[in-house]
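Residue numbers (the working numbering): 93 to 516. Beneath this line is the structure, given in structure tokens, with notes to follow.
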Amino acid sequence: MSIDTASALRFITCGSVDDGKSTLIGRLLVDSRAVLQDQLASVSRSGETDLALLTDGLSAEREQGITIDVAYRYFATPQRKFIIGDAPGHEQYTRNMVTAASSADAAVVLVDATKLDWRQSALELLPQTRRHSLLAHLLRVPSIVFAVNKLDAIEDPTLAFEHIAAALRGFAAAARIPVKAIVPLSALKGWNVVDRAQAASPVWCGYDGPSLLEILQELPVTPTESAQPFAFPVQWVEKFSSSADTSQGRRVFWGRVAGGAVAPGQEVTVFPSGQSARVAQVLDHSRKPGSVEAGHSGGIILDRELDISRGDWLLAPESIAPARDITATVAWLDDEPLLAGRVYWALHGHRWVKARVKRIVHRLDIASLAPLEASQLDPNAIGLVELNLQEPIAALPFAQSRNLGALVLVDAATHKTSGAVLIQ
């Protein structure tokens with residue numbers, strides 16, 4: 093399989109509170125020369141540059157010195173373009189981290205060496221380090237990199253990195269998380285971030301591998317789901333376009349192809365009505381006729397008029413069996429616990445349906461990774477849940493399709509995003 097390293101890489105930085113995520117991104121921007129002098133001057137305090145302020149943009153973030161919302165930054169090297177998401181480390185903002193991870197190609201999980209008992213060979217990792225790693229893995233982020241930070245502040249950085257790396261490898265093996273690399277670094281000093289190790293020492297902490305940026309430049313982007321059956325969630329209906337050269341007066345159904353590809357002449361089934369039609373024409377995002385593959389937006393014109401609206405799906409015939417009862421892994425993000433019997437709104441593509449919680453099968457113990465009996469899921473818990481939907485949805489397992497296998501649960505009263513649902 094060929095690895096696509098030509099496209100822009102979307103990656104997030106995540107981990108526990110104050111592990112140095114914002115500082116790391118600031119260091120990447122500064123050392124790759126993606127920051128102008130006036131921007132650097134604006135984040136200087138008492139003559140010292142506070143790199144974290146390059147991403148912490150909200151006034152509350154600057155006042156409290158914490159990251160609340162996901163901040164996206166863009167930079168490029170001669171080899172590649174990057175889109176970075178700075179995810180918050182606080183437990184109460186886990187929902188923001190999940191949002192960022194759901195569309196990421198890679199996750200850099202920072203580990204603060206100063207917070208760990210690094211002298212012990214069998215040290216314990218922080219709960220949020222484990223939680224964010226598990227969430228990134230559950231959300232099928234293709235590449236996970238552990239970055240052991242703040243080693244400049246450690247008395248014996250070589251021993252610390254050896255013990256921490258061993259703990260990370262043990263945890264990843266137990267959780268079945270494939271890890272691309274474990275890298276020692278200092279975001280504050282810039283060691284091993286853009287350039288390898290320290291200028292005076294080619295081998296640092298017993299590590300002589302590539303810098304973090306060199307690793308990121310070689311990571312693949314998330315492959316599109318073009319091999320899946322054709323699936324197209326209708327986002328917007330353009331009614332009777334006056335542009336005769338593109339729509340012939342018929343309605344155009346716009347959206348992003350979730351799976352497979354679409355081309356003129358293809359037969360499709362409308363979900364949930366079950367009606368069938370043929371594709372008369374396909375328009376790309378610039379309204380040029382042609383074909384559109386998974387991951388790209390386009391417009392579809394059918395050979396006959398059918399009752400189709402936002403939230404409906406166009407599918408390859410007999411490709412996906414509708415389901416009302418689903419078993420799913422749930423990352424619970426609400427402040428109120430998830431209880432059996434409760435009803436939420438579920439969003440699948442652009443389709444809203446009511447979902448009732450039938451049963452909580454178990455919750456995952458973050459420390460031991462063992463499934464435990466549970467009568468509820470508390471905030472930031474991960475568990476296995478059975479849901480009953482008021483109407484069927486066209487879904488596939490999340491392991492097969494990131495697009496068709498994910499739901500979002502929304503509280504019907506408060507309209508808060510309550511849970512991320514990954515269909516088994």
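Built from N, CA and C at the ideal position, the CB exists for glycine as well. Small disclaimer: the values here were computed from a predicted structure and weren't measured.
Cβ distance (whole Å) where residue i is taken to contact residue j below 8 Å
{"i": "F345", "j": "L407", "result": "Going by Cβ atoms, the distance from F345 to L407 rounds to 13 Å, so no, they are not a contact pair."}
{"i": "S278", "j": "K242", "result": "6 Å"}
{"i": "I400", "j": "V326", "result": "6 Å"}
The alpha helix (DSSP H) enclosing residue i, as first and last residue numbers
{"i": "G262", "result": "P249 to A267"}
{"i": "V122", "result": "K113 to D123"}
{"i": "S368", "result": "That residue, S368, is in no alpha helix (DSSP H); its beta strand (DSSP E) goes S368 to D376."}
{"i": "R223", "result": "P219 to L230"}
{"i": "I307", "result": "L304 to L308"}
Alpha-carbon to alpha-carbon, residue j and residue i
{"i": "W405", "j": "T509", "result": "23 Å"}
{"i": "P321", "j": "E483", "result": "22 Å"}
{"i": "V237", "j": "V271", "result": "6 Å"}
{"i": "A323", "j": "F253", "result": "46 Å"}
{"i": "G112", "j": "S460", "result": "26 Å"}
{"i": "E306", "j": "V286", "result": "7 Å"}
{"i": "G107", "j": "P381", "result": "45 Å"}
{"i": "A264", "j": "E310", "result": "21 Å"}
{"i": "K331", "j": "P315", "result": "33 Å"}
{"i": "R232", "j": "R494", "result": "8 Å"}
{"i": "R451", "j": "S411", "result": "29 Å"}
{"i": "G441", "j": "A487", "result": "10 Å"}
{"i": "T186", "j": "R223", "result": "9 Å"}
{"i": "R533", "j": "P414", "result": "Residue 533 lies beyond the residue range present for the chain, which begins at 93 and ends at 516; the question has no answer from this structure."}
{"i": "V468", "j": "L431", "result": "Looking at the sequence shown, residue 468 is not Val but Gln. Between Q468 and L431, the C-alpha separation is close to 5 Å."}
{"i": "G282", "j": "D300", "result": "16 Å"}
{"i": "A336", "j": "R343", "result": "Interpretation of A336 is limited by its pLDDT of 45, a score under 50 that renders its predicted location unreliable; the figure taken from the coordinates is listed afterwards. Cα-Cα distance, rounded: 11 Å."}
7 Å Cβ cutoff met for residue i and residue j
{"i": "V513", "j": "L499", "result": "yes"}
{"i": "W424", "j": "G511", "result": "yes"}
{"i": "A192", "j": "A179", "result": "yes"}
{"i": "R379", "j": "L481", "result": "no"}
{"i": "V453", "j": "K446", "result": "no"}
{"i": "D427", "j": "P356", "result": "no"}
{"i": "L251", "j": "V275", "result": "no"}
{"i": "T421", "j": "L230", "result": "yes"}
Residue i at chain C interface by Cβ criterion, 7 Å
{"i": "I393", "result": "In summary, chain C is missing from the structure at hand, where a single protein chain is found."}
Buried/exposed call for residue i, threshold 16 Cβ in 10 Å
{"i": "T506", "result": "exposed"}
{"i": "Q156", "result": "Caution is warranted here: a pLDDT of 46 is assigned to Q156, below 50, making its placement in the model unreliable, and no coordinate value can be reported."}
{"i": "Q492", "result": "exposed"}
{"i": "W328", "result": "exposed"}
{"i": "P249", "result": "buried"}
{"i": "D110", "result": "buried"}
{"i": "Q171", "result": "exposed"}
{"i": "Q358", "result": "buried"}
{"i": "H377", "result": "exposed"}
{"i": "E317", "result": "buried"}
N-terminal and C-terminal residue of the beta strand (DSSP E) that residue i is part of
{"i": "E330", "result": "W328 to E330"}
{"i": "I452", "result": "R443 to L456"}
{"i": "A498", "result": "A498 to V502"}
{"i": "S383", "result": "Counting along the chain, S383 falls outside any beta strand (DSSP E), and DSSP gives it neither H nor E."}
{"i": "E465", "result": "Run containing E465: none; DSSP gives neither H nor E here."}
{"i": "P276", "result": "A273 to P276"}
The ligand ZN heavy atom lying under 6 Å from the CB of residue i
{"i": "S108", "result": "With respect to the ligand ZN, the structure shown offers nothing to examine, as it has no ligands at all."}
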